[in-house]
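Asks: Its first residue numbered 0, the sequence shown is counted upward by one per residue in numbering that gives the first Met the number 0. Glycine included, C-beta positions come from ideal geometry on N, C-alpha and C. This one's a predicted model, so the numbers in the text were calculated from it and none came from an experiment.
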Amino acid sequence: MAFTFDSTSGGTTSNSYLSVTEANDYFGGRFGADEWNNFSDTQKKQLLVTATKKLESAVFGGSRATKTQALAWPRINIIDQDGYSLNGVLPTKLKEATCEMAYWIWSEGDRILSDTEILQVDSYNVGPINVAVNKQRIVFPPLVESLLKSIGPNVLLATQNKSSGQVSISR
């Protein structure tokens, strides 16, 4: 099956919140993201699609703009944290969150214990090693979570309890 990439806002087959060109612009101004330029266009598209899929697990206020759109955005009946309407718009913060999620995916993939996992550690002992991990799994890196929450007051981020498998929602 051939890989298709569609960043059309509100499209029926859309699978990315932004285009490669938009992501190139974002990463061109982001410190530490030089590796982005080393990826092929196909790899960039794959990162953006993967990041978008991850962001689709968030629950946003309002409603989808159309019944036929593939992604959660654009939305209607939604107001951002500053009181402005986001009707039919893909917020800049959502596009930034997509880029930051892509960055996290490629930069965290080869670490034994990621920065996000380190944030989940409640305590540890050095010898003999004893690590106590927080039961609430972090779904989004802190910067991505902050960007998503800045979109508006009705953004819910799901977390999964490692021991019970139950999902909880936070604002």
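Whose C-alpha, out of G31, E34, T41, is nearest the C-alpha of V19?
Replies: Here residue 19 refers to the residue found at position 20 of the sequence shown. Ranking G31, E34, T41 by Cα distance to V19 puts T41 first.
Asks: Just list the residues that DSSP pairs S84 with in beta bridges.
Replies: Counting from 1 along the sequence shown, the entry for residue 84 is found at position 85. Answer is I78, bridged to S84.
Asks: So A69 and G10 are in contact, right, with Cβ under 8 Å, and what is the actual spacing, rounded?
Replies: The count along the sequence shown starts at 1 and reaches residue 69 at position 70. The count along the sequence shown starts at 1 and reaches residue 10 at position 11. Contact flag correct, Cβ pair sits at about 6 Å.
Asks: Find out if the Cβ-Cβ distance for the pair P140, E99 is shorter than 8 Å.
Replies: Position 141 of the sequence shown, counted from the first residue, corresponds to residue 140. Position 100 of the sequence shown, counted from the first residue, corresponds to residue 99. In this structure, E99 lies closer than 8 Å to P140 by Cβ.
Asks: CB-CB under 6 Å to I75, same chain, minus the five flanking residues each way: which ones, in chain order?
Replies: Looking up residue 75 in the sequence shown gives position 76. Excluding positions up to five away in sequence, the list reads G61, S62, A64, N86.
Asks: Using the beta-carbon count (16 or more within 10 Å), is S162 buried or exposed?
Replies: Counted from its first residue, the sequence shown places residue 162 at position 163. A caution first: S162 carries a pLDDT of 41, below 50, which makes its placement in the model unreliable, though a value can still be read off. By the neighbour-count rule (16 or more Cβ atoms within 10 Å), S162 is not buried but exposed.
Asks: Measuring from the CB of W72, is there a heavy atom of the ligand NAP at a distance below 7 Å?
Replies: For the ligand NAP, the structure offers nothing, since it holds no ligand at all.
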